[in-house]
Structures are given as structure tokens and as C-alpha cells.
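Worksheet: the structure to be examined is printed underneath.
In my numbering, the protein residues as written are 105 to 308.
Take a look at the structure:
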């Protein structure tokens with residue numbers, strides 16, 4: 105991924121952003137494969153260097169992670185299209201469009217979790233993240249119905265070893281350009297325009 109200096113994010117910025125995101129794509133490659141396996145997944149990030157998630161046992165990603173326990177986890181959000189005529193102060197007929205977006209790409213070591221008690225603990229971490237006020241009982245490795253259901257999944261503990269983070273929101277533009285584009289985003293009010301506008305103003 106190309107990251108210009110004006111789009112780069114420091115540790116505190118990407119960690120804060122990722123702490124409010126919990127859905128991404130887990131990507132694993134393997135020897136002799138034409139393409140990697142890409143698996144969408146909810147996850148829980150501890151704010152430091154560990155991500156936990158789980159997937160169904162039939163998922164095609166498992167042989168790849170067993171062969172090479174490394175993966176990428178990528179998250180993209182706050183994206184929107186910036187029209188050609190917005191992105192220029194010259195002739196709008198010859199403007200160049202662009203995209204605004206935030207993305208964090210994590211590379212990491214993967215530990216597969218198959219022990220029933222360890223899987224139950226991992227699932228509890230995810231439940232506490234997604235349902236902090238939920239009525240769901242703690243996951244049990246020994247009691248029904250969890251004891252019967254746990255064999256159907258495998259857990260993943262993902263330890264972050266590298267990060268590529270990019271916040272592309274007109275960092276190479278003047279304050280006047282960003283204000284003009286921001287006004288257009290506010291007026292258009294598309295699906296993620298408000299999120300992109302927040303980022304544009306925050307990084308200005």
C-alpha cells in the first residue's frame with residue numbers, strides 16, 4: 105500500500121481508530137495457491153497488540169494458517185468518493201477525482217485455539233466486547249449447549265507484528281481546499297460522507 109507522508113498515521117492515531125472498529129478481512133496465503141484466502145470476520149482488539157476472533161471449522165483458511173501461521177487483517181472505513189470537479193480550483197472539466205478513506209493493515213503471528221477451555225475463554229472476550237451488557241452466560245467448555253457447539257469452531261489469537269495505517273483525507277491540500285471539499289461533503293450527505301468529513305476536519 106502506498107502511504108504518502110501526509111497520509112501516514114502514528115501509533116496513537118491508528119490504535120484509537122481501530123479500537124472503535126471490529127470487523128475486517130483476515131487474509132492468508134499458502135504454498136502453491138494462486139490466490140490467498142480472504143475471510144470477513146468480527147474481531148476484538150485489546151488496544152495493544154492482540155486481536156481475537158473465531159471462525160467455523162469448515163472455513164478454507166485453516167490449512168493455510170496451519171502451513172504458515174501468519175496473516176494480514178485489514179480494516180477499511182470512513183471512505184467516500186471525491187468528485188473531479190470538487191478536487192480542483194482550476195477548470196472543473198479537467199479535475200482529477202480521488203478517494204478519501206481510513207485503513208489499517210495489521211500483519212501478525214497466528215495461534216490457533218482448539219482446546220475447549222481456551223476457546224471458551226476466547227469467545228468470552230469477544231462477547232464482552234460486543235455485548236458488555238448482554239444476558240449471555242459465560243461460555244462453558246463442559247456444560248450444554250456450549251460443550252456441543254464448541255467443536256464447530258476454531259479460535260484465533262492474532263499477535264500484531266507490523267502495521268500499515270493510512271488516513272487519506274486531503275492532507276496534501278491547502279486549508280482552503282479542504283474547507284471547500286468539506287462543504288461539498290456536508291451538502292451531499294452520502295452514506296459515509298459525514299465520517300469522511302469528520303476525518304478531513306480532524307486531520308486538517
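C-beta atoms are modelled at their ideal positions from N, C-alpha and C, and glycine is treated no differently.
In this text the structure is predicted, and so the values were computed from the model without any measurement.
If you count every other CB in all the chains shown that lies within 10 Å of the CB of residue i, and 16 or more means buried, which is it?
{"i": "residue 306", "result": "exposed"}
{"i": "residue 286", "result": "buried"}
{"i": "residue 200", "result": "exposed"}
{"i": "residue 190", "result": "buried"}
{"i": "residue 106", "result": "exposed"}
{"i": "residue 289", "result": "buried"}
{"i": "residue 150", "result": "exposed"}
{"i": "residue 157", "result": "buried"}
{"i": "residue 121", "result": "buried"}
{"i": "residue 194", "result": "exposed"}
{"i": "residue 143", "result": "buried"}
{"i": "residue 300", "result": "buried"}
Since residue i contacts residue j with CB under 8 angstroms, what's their CB separation in whole angstroms?
{"i": "residue 304", "j": "residue 183", "result": "Contact doesn't hold; Cβ gap of about 12 angstroms is too wide."}
{"i": "residue 145", "j": "residue 128", "result": "7 angstroms"}
{"i": "residue 273", "j": "residue 204", "result": "5 angstroms"}
{"i": "residue 233", "j": "residue 181", "result": "Their Cβ separation, rounded to whole angstroms, is 17 angstroms, which puts residue 233 and residue 181 out of contact at 8 angstroms."}
{"i": "residue 130", "j": "residue 177", "result": "5 angstroms"}
{"i": "residue 256", "j": "residue 160", "result": "6 angstroms"}
Who are the near neighbours of residue i in its chain, counting only those whose CB is closer than 8 angstroms to its CB and skipping five residues on each side?
{"i": "residue 168", "result": "132, 133, 134, 137, 140 and 141"}
{"i": "residue 154", "result": "261, 262, 263 and 264"}
{"i": "residue 170", "result": "216"}
Considering only residues of the same chain and omitting the five flanking positions on each side of residue i, which have a CB-CB separation below 7 angstroms?
{"i": "residue 118", "result": "208, 267 and 269"}
{"i": "residue 217", "result": "223, 226, 258, 259, 260 and 261"}
{"i": "residue 166", "result": "258"}
{"i": "residue 242", "result": "228"}
{"i": "residue 220", "result": "245 and 254"}
{"i": "residue 298", "result": "none"}
{"i": "residue 202", "result": "186 and 191"}
{"i": "residue 163", "result": "143"}
{"i": "residue 240", "result": "231"}
{"i": "residue 302", "result": "none"}
Provide the residue span of the alpha helix (DSSP H) that contains residue i, from first to last.
{"i": "residue 108", "result": "Per DSSP, residue 108 belongs to no alpha helix (DSSP H) and is neither H nor E."}
{"i": "residue 189", "result": "Here residue 189 belongs to no alpha helix (DSSP H), and DSSP marks it neither H nor E."}
{"i": "residue 277", "result": "Note, residue 277: premise wrong, no alpha helix (DSSP H); not H, not E."}
{"i": "residue 305", "result": "297-307"}
{"i": "residue 120", "result": "115-122"}
{"i": "residue 250", "result": "250-253"}
{"i": "residue 137", "result": "First-last for residue 137: undefined, no H or E at that position."}
{"i": "residue 224", "result": "220-234"}
Short of 6 angstroms in beta carbon distance, which residues of its chain neighbour residue i, apart from the five on each side in sequence? Order them along the chain.
{"i": "residue 64", "result": "Coverage of the chain is limited to positions 105 through 308, which leaves residue 64 absent and any answer about it impossible."}
{"i": "residue 114", "result": "none"}
What are the boundary residues of the beta strand (DSSP E) that residue i is part of?
{"i": "residue 210", "result": "202-217"}
{"i": "residue 164", "result": "Note, residue 164: premise wrong, no beta strand (DSSP E); not H, not E."}
{"i": "residue 144", "result": "141-146"}
{"i": "residue 130", "result": "127-132"}
Output yes if chain D places a C-beta closer than 7 angstroms to the C-beta of residue i; else output no.
{"i": "residue 134", "result": "No chain D appears in the structure shown, which is made up of a single protein chain."}
Using 8 angstroms as the threshold, is the stretch 210-227 in touch with the stretch 255-262, meaning 3 or more CB pairs across them?
yes
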